[in-house]
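Asks:
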Amino acid sequence: MQIYDTLDKKLKDLNSNRTLNIYICGITPYSESHIGHAMSAVIFDTLRRYLLSQDYKLKFVQNFTDIDDKLINVAKEKNTTIDKISNKYISQHLNSLSKLNVMPADHAPKATEEIKEMINMIEALISKEMAYEINGDCYFRVNKFDTYGKLSKRNTDEMLAGARIDINENKEHPMDFALWKKQINDEPGWESPWGNGRPGWHIECSAMSMKYLGQNLDIHGGGRDLIFPHHENEIAQSEGFSDNPPFSNIWMHNGLINLKSEKMSKSIGNIISIDDLLQKYSAAAIRMFFISGNYKNPLEYDDAILISNEKAINRLKQTLNLNSSDSLDELDPDKFINKFNQSMSKDLNTSLALGSIFEMSRSINQSFNKNINISKSQLALAKLLNILGIDTDSENETNNNLDTKEIEDLINLRNKHRLDKDYKKADEIRDKLEAMGIAIYDSDDGTKWRNI
RNA sequence: GGCGACGUGGCCAAGCGGUCUAAGGCAGGGGUCUGCAAAACCCUUAUUCGGCGGUUCGAAUCCGCCCGUCGCCUCCA
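In the working numbering, each residue carries its 1-based index in the first sequence increased by 2.
This is the structure we're talking about:
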């Protein structure tokens, strides 16, 4: 398996001989998770499922940054505690992801439960003079880390030229970033060698990934927007601390979701929550939407595409439900499986992989029509879909309060008219059902219905 | 201003030096099935890859310029 590394800008092989350590940056739980978080989670879940299917061993950690300025502000506004806010959104987040068929991480540490590790790390950085304390705040000394900027391909001078960086009186250098922040008034604080305070943004990921996965990760992932400053700073403090580069062998970043050509983010406020999306579309269609293109590229949110994915999923479902003949003449699925695996192993090319799935589906349908035994291929197809986390039996959560009894009564009435060959009345009932949002179809097995 | 990504059929999207007259999905057209439909199935739909030059025996794929869209440089998946 090869993955594109943001830092070295090339494809890199994954070591299959030992357990792979994978760390994905999680959310800051201060508001409801949006579909951008969902996309990121689905992409890394797809990676994980594929690796497992290829017998890789891996440890998968995703954190929660449950202490930060925004969390403090929300708690203040709502007159409650950061605990209550973060717990609420963490459980909501996990719940939404499980509906999307995202597997839970092996470890999901919370920043607030790893304060001691962070303090140890900051102390070590200070003793190495890579960091310093001023008035209860601690900062990382950017100029002490030679390769600062290597991930985001920029240097401190260029960034300063941008002149949009707030110059904090306390810092030695404007680009130095906070490792520890002094407690102010009634804000939450933990005891530390520098007085009460709380961790800065980046340090939690360094501390937690090292604690659970060691100093050299195989893959460190997250959204593109984390490249700077978050991941850049993580590298600086982690490698500065360990003197054992690389902090991560591969940096893997997914593209972001755009809404009307504008990035969707909590700060802009153009948000679609995961649960909103799940109300409208099945988990299967949503997952297909997220992986329909290259994971590194931005994705434009588009209802028309989600609807088309819903239809595509439906076709797959039909193929899976075909009753195979028990003929000795059997359709061999290997060709499709191989293409699928080749695509996936080359930097997670999910679009090509999906292509092979649809080719397989068509081939199965054709074979079915020729009475060829397709059961082995159907099983293989189901397996591939499972690797993509696409569960064709998933339904959306639409809860349109329809009266099932009423629908069935209408269908029975229509069938009576059909038997009497009174097609005019039968068609009227069909139109009425359609107006109610119900599509019906006659099959050998009786009349079926579904939501439109 | 600096750094980076992207521009492929009506829409989404893969391909990144020859097997490309360009995968796959949706929509469209034709057919099977049906009382008629719907759903499903089958067949079909780009000599062309933002524009202009260049490199090469050969380019959607490499290089240059231009046009356009977006992201990062401040919190963000």
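Think of the CB as a built atom: it goes at the ideal place given N, C-alpha and C, for glycine as much as any other residue.
1) State the start and end residues of the unbroken beta strand (DSSP E) segment that holds A506.
2) Looking only at DSSP bridge pairs, what is I45 linked to?
3) According to the neighbour-count rule (16 or more other Cβ atoms, all chains shown, within 10 Å of its Cβ), is I359 buried or exposed?
4) Excluding sequence positions up to five away, which residues of its chain have a Cβ less than 6 Å from the Cβ of K434?
5) When the Cα atoms are used, what is the spatial distance from A306 to M41?
6) Secondary structure at Y91, three-state DSSP: helix, strand or coil?
7) Relative to the C-alpha of T21, which candidate in E34, N272, I274 and Q56 has its C-alpha closest?
8) So the alpha helix (DSSP H) G242 belongs to, where does it begin and stop?
9) Around the C-beta of G28, are 16 or more other C-beta atoms found within 10 angstroms, so that it is buried, or is it exposed?
10) Do I221 and I24 count as a contact pair if the criterion is CB distance below 8 Å?
11) In whole angstroms, what separates the C-alpha of E116 from that of N246?
12) Just to confirm the assignment: which complete alpha helix (DSSP H) runs, minimum length 4, are found wholly within the region 278 to 304?
13) Whether or not the region 85 to 104 and the region 202 to 209 are in contact is what I'm after, with contact meaning three or more pairs of Cβ atoms, one per stretch, closer than 8 Å; do they touch?
14) Could you say which of G191, P201, K173 and E174 lies nearest to L181 if we only look at CA atoms?
15) Run through the region 76 to 129 for me and flag every whole alpha helix (DSSP H) of 4 or more residues, listed as ranges in chain order.
16) Does DSSP put N19 in a helix, in a strand, or in coil?
17) Taking C-beta to C-beta, are Q64 and D349 nearer than 8 Å?
18) What span of residues does the beta strand (DSSP E) with Y443 cover, start to end?
19) Return the first residue and the last residue of the beta strand (DSSP E) that R200 is part of.
20) Exposed or buried, which one is R364 when buried takes at least 16 other CB atoms within 10 Å?
21) Could you give the DSSP three-state label for N401: helix, strand or coil?
22) Does the distance from the C-beta atom of K268 to that of S33 stay below 8 Å?
23) Take D70 and list the residues in its own chain whose beta-carbon comes closer than 6 Å to its own, dropping the five residues that flank it on each side.
24) For R289 and I37, what's the separation of their Cα atoms in angstroms?
25) Please identify the residue among G224, S377 and L354 whose C-alpha is closest to the C-alpha of L333.
26) Among D178, H175 and S194, which residue has its Cα nearest to the Cα of K184?
27) Exposed or buried, what is Q239 when buried is set at 16 or more other beta-carbons lying within 10 Å of its beta-carbon?
28) Looking at the strands, I want to know which residues DSSP matches up with F66.
29) Residue range of the alpha helix (DSSP H) that Q4 falls in?
30) Return the chain-ordered list of same chain residues with a C-beta closer than 7 Å to the C-beta of D108, the five sequence neighbours on each side being excluded.
31) From what residue to what residue does the beta strand (DSSP E) around N351 run?
32) So, under 8 Å CB-CB, I274 and Y303 are touching, yes? Tell me the CB distance rounded to an integer number of Å.
33) Comparing alpha-carbon positions, which option in S310, N375, Y214 and P231 lies nearest D328?
34) Along the chain, where does the alpha helix (DSSP H) containing C207 start, and where does it finish?
35) Starting from the C-beta of A428, find all residues in its chain whose C-beta is less than 6 Å away, skip the five residues before and the five after it, and write them out in chain order.
36) Short check: CB of P300 to CB of L258, under 8 Å?
Replies: Judging by the given coordinates:
1) Residue 506 lies beyond the stretch modelled for the chain, which goes from 3 to 454, so this question has no answer here.
2) In the DSSP output, where bridge partners are listed per residue, I45 has none listed.
3) With 16 or more Cβ atoms within 10 Å of its Cβ, I359 is classed as buried.
4) Correct list: empty, nothing qualifies.
5) Roughly 18 Å between the two C-alpha positions.
6) Helix at Y91.
7) Nearest C-alpha to T21: Q56.
8) E234 to S244 is the extent of the alpha helix (DSSP H) around G242.
9) A residue is called buried when at least 16 other Cβ atoms come within 10 angstroms of its Cβ; G28 meets this threshold and is buried.
10) Contact check for I24 against I221 passes: the beta carbons are separated by less than 8 Å.
11) Rounded to whole angstroms, E116 and N246 show a C-alpha spacing of 22 Å.
12) Under the rule that a run must span 4 or more residues, the alpha helix (DSSP H) segments found entirely inside the region 278 to 304 read 285 to 292.
13) Cβ pair count under 8 Å is below three, so no.
14) Ranking G191, P201, K173 and E174 by CA distance to the CA of L181 puts P201 first.
15) Runs of the alpha helix (DSSP H) lying entirely within the region 76 to 129, each at least 4 residues long, are 84 to 101 and 117 to 129 in chain order.
16) For N19, the three-state secondary structure derived from DSSP is coil.
17) Result no, Cβ atoms of Q64 and D349 do not sit closer than 8 Å.
18) First-last of the beta strand (DSSP E) with Y443: I440 to S445.
19) DSSP places R200 in the uninterrupted beta strand (DSSP E) bounded by G199 to P201.
20) Flag for R364 reads exposed.
21) Note on N401: pLDDT 49, under 50, position unreliable in the model; the coordinate value appears next. The DSSP-derived three-state label of N401 is coil.
22) In this structure, S33 lies closer than 8 Å to K268 by Cβ.
23) Once the five neighbours on either side are set aside, the close Cβ partners of D70 are T30.
24) Each residue's alpha carbon lies about 11 Å from the other.
25) The residue from G224, S377 and L354 with its alpha-carbon nearest to that of L333 is S377.
26) Distance from the Cα of K184 is smallest, within the candidate group D178, H175 and S194, for S194.
27) Its Cβ being crowded by 16 or more others within 10 Å, Q239 is buried.
28) Answer is K112.
29) Per DSSP, Q4 belongs to no alpha helix (DSSP H); it is in the beta strand (DSSP E), Q4 to D7.
30) So the list reads K61, F62 and V63, once near-sequence residues are dropped.
31) Neither: N351 is in no beta strand (DSSP E) and is coded neither H nor E.
32) 7 Å between Cβ atoms; contact.
33) For the set S310, N375, Y214 and P231, the Cα lying nearest the Cα of D328 is the one of N375.
34) It spans I205 to L215 - the alpha helix (DSSP H) in which C207 sits, taken as one unbroken run.
35) These residues qualify, in order along the chain: R416, H419 and R420.
36) Yes, they are a contact pair.
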